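K.L.:
One structure, as structure tokens, below. Some questions next.
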Amino acid sequence: MFRTALQLARIATAAVTGTVAGVVSGTVTALTGGTDDRDRLAPDPADVFNPDEVPTDEEISASCASYAKSADQARAAERNKRAAKKLIGRLPAGLYGGRWLVERVVSTRQSPDIDSIRATYKRLGLGPVPMKEVAASLRVTDIAPVEIPAPAEMTAPMFTDADMDVAA
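Number 61 in my numbering belongs to position 56 of the sequence shown; there are no gaps in the numbering.
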């Protein structure tokens, strides 16, 4: 029995788009009742629309399409940025091409040293370090049916008589 309609939609989408790994992992997760972090749904925030405030389907579809397109563009931009950084990151600081100043600046951002915190907790016998989950991510998935084109008509036979080895 499938745990959620969303899992069924993901499996169907994966099946239609041909991602076998998605079909297998989704089916196994759904059928076994196992949990997959991708399937953990967070509760709605407090500021969601009331039933009488919900925009029209057209407005929602347009916003979802815009969001999905923007997310794809952002992922592409991140890939391009990482690729460019491979070369730029190895350059010594300086001016290049008469206009590109490459330099490294100290960050003002800080993050806790989790290894040091764990060692302190262990030394003091406080148990595991308490952790909290990060904010939920908004994920928009287009689960519209996908049409699969029919295979192209064969214009020539696959085998000729010369290809066949018939023992007479």
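Idealized CB from N, CA, C, for every residue including glycine.
Keep in mind it's a predicted model, so treat the numbers as computed, not measured.
Can you give the Cα-Cα distance for aspartate 147 and arginine 104, rounded to whole angstroms?
P.N.:
Sequence index remark: in the sequence shown, residue 147 carries index 142 (1-based). Sequence index remark: in the sequence shown, residue 104 carries index 99 (1-based). One C-alpha to the other measures close to 42 Å.
K.L.:
Between which two residues does the beta strand (DSSP E) carrying leucine 100 extend?
P.N.:
In the sequence shown, the residue the question calls residue 100 occupies position 95. Residues 99-101.
K.L.:
DSSP beta-bridge partners for valine 107?
P.N.:
In the sequence shown, the residue the question calls residue 107 occupies position 102. Beta-bridge pairing links valine 107 to Gly99.
K.L.:
Helix, strand or coil: how does DSSP classify arginine 128 here?
P.N.:
Position 123 of the sequence shown, counted from the first residue, corresponds to residue 128. Residue state, collapsed to three classes: helix.
K.L.:
Would you mind stating whether valine 111 and leucine 96 have Cβ atoms separated by less than 8 Å?
P.N.:
Taking the sequence shown and counting its residues from 1, one reaches residue 111 at position 106. Taking the sequence shown and counting its residues from 1, one reaches residue 96 at position 91. No, the pair does not count as a contact, with Cβ atoms beyond the cut-off.
K.L.:
Go to arginine 80, then tell me how far its alpha helix (DSSP H) extends in each direction, as first and last residue.
P.N.:
In the sequence shown, counting from the first residue as 1, residue 80 sits at position 75. Segment 62-93, the alpha helix (DSSP H) holding arginine 80.
K.L.:
Is aspartate 120 helix, strand or coil when you go by DSSP?
P.N.:
Locating residue 120 in the sequence shown gives position 115, where the first residue counts as 1. Note: aspartate 120 maps to helix in three-state DSSP.
K.L.:
Between arginine 84 and chain D, is any beta-carbon pair separated by less than 8 Å?
P.N.:
Absent from the structure is chain D; it holds one protein chain and no more.
K.L.:
Looking at C-beta atoms only, is the number of pairs between the segment 50-68 and the segment 117-127 that lie closer than 8 Å three or more?
P.N.:
Counting Cβ pairs under 8 Å, fewer than three are found: no touch.
K.L.:
Less than 8 Å between the beta carbons of tyrosine 72 and valine 145, yes or no?
P.N.:
For the purposes of this step, residue 72 is taken as the residue at position 67 of the sequence shown. For the purposes of this step, residue 145 is taken as the residue at position 140 of the sequence shown. Yes; because the gap between Cβ atoms is below 8 Å, this pair is in contact.
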